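Peer 1: Here's a structure for you.
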Amino acid sequence: MKKFDFLTSAWGVTAKENAIAEISANVEGSLNQKSIQEYIKDSDIRKLGLTSSLLKELTKSGDCSLPPGR
1080 MKKFDFLTSA
1090 WGVTAKENAI
1100 AEISANVEGS
1110 LNQKSIQEYI
1120 KDSDIRKLGL
1130 TSSLLKELTK
1140 SGDCSLPPGR
């Protein structure tokens, strides 16, 4: 869903279909970037269904830089 595309560039995560469905059904007010962020912050992200796009073994990767947050 287009409204969730910002998660990859802003937080380095991608929402799975079940996460998109849960957030869409339970967000208070209109479904916009701010309401999506607030819902994720108030949720258990391990159970929500987000996948990280960062390296799994970041500490073993040597000298590398993370993309700046927004």
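Heads up: the sequence shown at position 42 corresponds to 1121 in the working numbering, and the numbers run straight through without jumps. A virtual CB, placed ideally from N, CA and C, is assigned to each residue, including glycine. No experiment lies behind these values; they were computed from the predicted model shown.
So, I1119 versus I1102, is the Cβ gap smaller than 9 angstroms?
Peer 2: Taking the sequence shown and counting its residues from 1, the one referred to as residue 1119 is at position 40. Taking the sequence shown and counting its residues from 1, the one referred to as residue 1102 is at position 23. Cβ atoms of I1119 and I1102: closer than 9 angstroms.
Peer 1: Roughly how many angstroms separate the alpha carbons of A1094 and K1113, rounded to a whole number?
Peer 2: Working through the sequence shown from its first residue, we reach residue 1094 at position 15. Working through the sequence shown from its first residue, we reach residue 1113 at position 34. Going from the Cα of A1094 to the Cα of K1113 covers about 15 angstroms.
Peer 1: On the three-state DSSP scale, how would you describe S1088?
Peer 2: On the sequence shown, residue 1088 is found 9 positions in, with the first residue counted as 1. It is helical.
Peer 1: For F1085, count the other beta carbons within 10 Å of its own beta carbon; 16 or more makes it buried, fewer makes it exposed. Which is it?
Peer 2: To locate residue 1085, count along the sequence shown from 1; it is residue 6. So F1085 ends up on the exposed side.
Peer 1: Going straight from the alpha carbon of G1148 to that of D1121, what length do you get?
Peer 2: Residue mapping note: residue 1148 aligns to position 69 of the sequence shown, counting from 1. Residue mapping note: residue 1121 aligns to position 42 of the sequence shown, counting from 1. Approximately 20 angstroms between the Cα atoms of the pair.
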